[in-house]
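Numbering (our numbering), first residue to last: 1094 to 1211.
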């Protein structure tokens, strides 16, 4: 497993990661479930958390993550090629009420986004 940080980079406040800890990707990290997951992963302290979401990270979890990739998952997926993720929690999705109105956009986000991650 490669280190996500360039030499001399400091880890998030209160964290230092010994070699061998897992690198975790959480997509949809700004949603309610995503934020709760990031907080729990941080509380455990046994992994590096990289997040991805269309929105900027809320203050509540900003200091808990190693890196945040903001943007459309379908287009940002190449950003993740250099990472060696041990675990992926894919929570990014277009919610049902929004998806019922914009079905093509929902398909692009929900299906194509998932396929890109795989």
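A virtual CB, placed ideally from N, CA and C, is assigned to each residue, including glycine. All values derive from a computational prediction rather than experimental measurement.
Cβ-Cβ distance between residue i and residue j below 8 Å
i, j, result
"residue 1137", "residue 1114", "no"
"residue 1187", "residue 1197", "no"
"residue 1163", "residue 1146", "yes"
"residue 1118", "residue 1181", "yes"
Integer Cβ distance of residue i from residue j, believed to fall under 8 Å
i, j, result
"residue 1120", "residue 1184", "6 Å"
"residue 1242", "residue 1125", "Given a span of 1094 to 1211 for the chain in the structure shown, any question on residue 1242 remains unanswerable."
Option in the options with minimal Cα separation from residue i
i, options, result
"residue 1211", "1152, 1173, 1125, 1153", "1173"
"residue 1205", "1158, 1159, 1128, 1165", "1165"
Straight-line Cα distance separating residue j from residue i
i, j, result
"residue 1194", "residue 1123", "22 Å"
"residue 1156", "residue 1130", "14 Å"
"residue 1203", "residue 1150", "20 Å"
"residue 1177", "residue 1152", "27 Å"
"residue 1179", "residue 1201", "25 Å"
"residue 1158", "residue 1139", "12 Å"
"residue 1154", "residue 1207", "24 Å"
"residue 1168", "residue 1127", "20 Å"
"residue 1148", "residue 1209", "19 Å"
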